[in-house]
Amino acid sequence: VLGLCLESPMETVTAAAHMCHEAGVKVLLNDSPFVPVLPAELVQAADILLVNEHEMAQLLGIDEPEDDDWDGFDWRHVLDEMRAFGFEQAIVTLGGDGSVVLDATADEPVHRIAPVRVDAVDTTGCGDSFMGTVLAGLASEMTLPEAAELASYVSAYAATGYGAQASYGSAEQIREAFAERLA
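Here my numbering is used: the first residue of the sequence shown is 348, the next is one more, and so on.
See the structure below:
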């Protein structure tokens with residue numbers, strides 16, 4: 348599995364995605380820093396899109412719920428729009444409200460991932476820890492919802508510390524911190 352962000356030149360990201368896609372490697376694209384118009388070649392070469400709720404709305408031209416009620420949101424409509432855009436699979440993160448896995452190839456195409464509530468002190472690095480954990484989960488043959496659920500715990504743990512890498516926990520630290528919830 349290959350994870351790509353848009354901090355590198357677009358032609359480099361697109362070439363890497365294309366090369367891996369051609370080799371049968373699953374490609375996850377994190378549209379961050381956000382680019383509202385993605386090159387068609389990149390969309391065609393990427394398998395999974397990772398965006399937050401605001402990026403998803405802007406990318407697809409969908410209005411966000413005025414009351415921030417993401418549980419009552421029409422995620423099947425988002426899935427249809429995501430497919431029309433070129434993605435069969437996507438994860439939409441909702442900050443402290445969890446995430447949603449959209450997977451047109453699954454029996455359950457919309458999978459809501461519950462938030463992992465913590466006393467957050469700094470969210471720096473939470474997105475990176477989420478993406479890294481999803482990639483590790485996929486490389487370990489987890490399903491996309493399983494990987495996203497695990498990523499929720501890892502990124503929640505990261506929010507309890509200051510800084511990015513300094514707040515990342517080991518597998519043991521994360522298991523200990525959430526032992527009751529993971530039992």
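From the three backbone atoms N, C-alpha and C, an ideal C-beta is built for every residue, glycine too.
None of these values were measured; they are calculated from a predicted model.
Note to self: Starting from S446, trace the beta strand (DSSP E) in both directions and tell me its first and last residue.
What the structure shows: The residue given as residue 446 occupies position 99 in the sequence shown. S446 -> beta strand (DSSP E) spans S446 to D450.
Check: Where do the N-terminal and C-terminal ends of the alpha helix (DSSP H) with G433 fall, by residue?
Finding: Here residue 433 refers to the residue found at position 86 when the sequence shown is read from its first residue. From DSSP, G433 is part of no alpha helix (DSSP H); its letter is neither H nor E.
Notebook entry, point to check: How many whole angstroms separate the CB atoms of A494 and T480, which I take to be in contact at a CB cut-off of 8 Å?
Noted result: By 1-based counting over the sequence shown, the position of residue 494 is 147. By 1-based counting over the sequence shown, the position of residue 480 is 133. Between T480 and A494 the Cβ distance is about 7 Å, and since that is below 8 Å, they are a contact.
Margin query: For A437, list the residues DSSP reports as bridge partners.
Written below: By one-based count along the sequence shown, residue 437 stands at place 90. DSSP output for A437 lists L396 and L449 as bridge partner(s).
Note to self: Please classify S476 as buried or exposed, where buried requires at least 16 other C-beta atoms within 10 Å of its C-beta.
What the structure shows: Numbered from its first residue, the sequence shown carries residue 476 at position 129. Looking at its Cβ environment, which holds 16 or more other Cβ atoms inside 10 Å, S476 is buried.
Next item on the list: Consider the Cβ of E435: report whether some Cβ of chain B lies at a distance smaller than 8 Å.
Entry: Within the model displayed, chain B is absent; a lone protein chain is all it includes.
Check: Just to confirm, are I395 and L497 a CB contact at a threshold of 8 Å?
Finding: Numbered from 1 along the sequence shown, position 48 holds the residue referred to as residue 395. Numbered from 1 along the sequence shown, position 150 holds the residue referred to as residue 497. Against a cut-off of 8 Å, the Cβ pair of L497 and I395 comes out as no contact.
Notebook entry, point to check: Any idea if H424 is buried or exposed, counting beta-carbon neighbours within 10 angstroms, 16 or more meaning buried?
Noted result: One-based indexing of the sequence shown puts residue 424 at position 77. It is exposed - the Cβ of H424 has fewer than 16 other Cβ atoms within 10 Å.
Check: Ends of the beta strand (DSSP E) at G479?
Finding: Working through the sequence shown from its first residue, we reach residue 479 at position 132. First-last for G479: C473 to A486, but that is the alpha helix (DSSP H), not the beta strand (DSSP E).
Checklist line | Proximal residues to A393 (C-beta, below 6 Å), its chain only, five neighbours per side dropped | finding: Walking along the sequence shown from the start, residue 393 turns up at place 46. Only A364, V374 and L376 meet the Cβ criterion.
Check: For L353, which residues from the same chain have a beta carbon less than 7 Å from its beta carbon, with the 5 sequence-adjacent residues on both sides left out?
Finding: Position 6 of the sequence shown, counting from 1, holds the residue named residue 353. Around L353: V360, D378, S379, P380 and V382.
Next item on the list: To the nearest angstrom, report how far apart D421 and A453 are at their CA atoms.
Entry: Along the sequence shown, read from residue 1 onward, the residue named residue 421 stands at position 74. Along the sequence shown, read from residue 1 onward, the residue named residue 453 stands at position 106. Taking the straight line joining both Cα atoms gives about 18 Å.
Item checked: Spatial neighbours of M429 in its chain, beta-carbon cut-off 6 Å, leaving aside the 5 residues before and after -> For the purposes of this step, residue 429 is taken as residue 82 along the sequence shown, with counting starting at 1. A437 and L449, listed in sequence order.
Next item on the list: Using three-state DSSP, classify A375 as helix, strand or coil.
Entry: Reading the sequence shown from its first residue, position 28 is the one you call residue 375. At residue 375 the sequence reads Leu, which differs from the Ala that was named. Here L375 sits in strand by DSSP.
Note to self: Within 10 Å of its beta-carbon, does S502 have 16 or more other beta-carbons around it, so buried, or fewer, so exposed?
What the structure shows: Here the question's residue 502 lines up with position 155 in the sequence shown. With 16 or more Cβ atoms within 10 Å of its Cβ, S502 is classed as buried.
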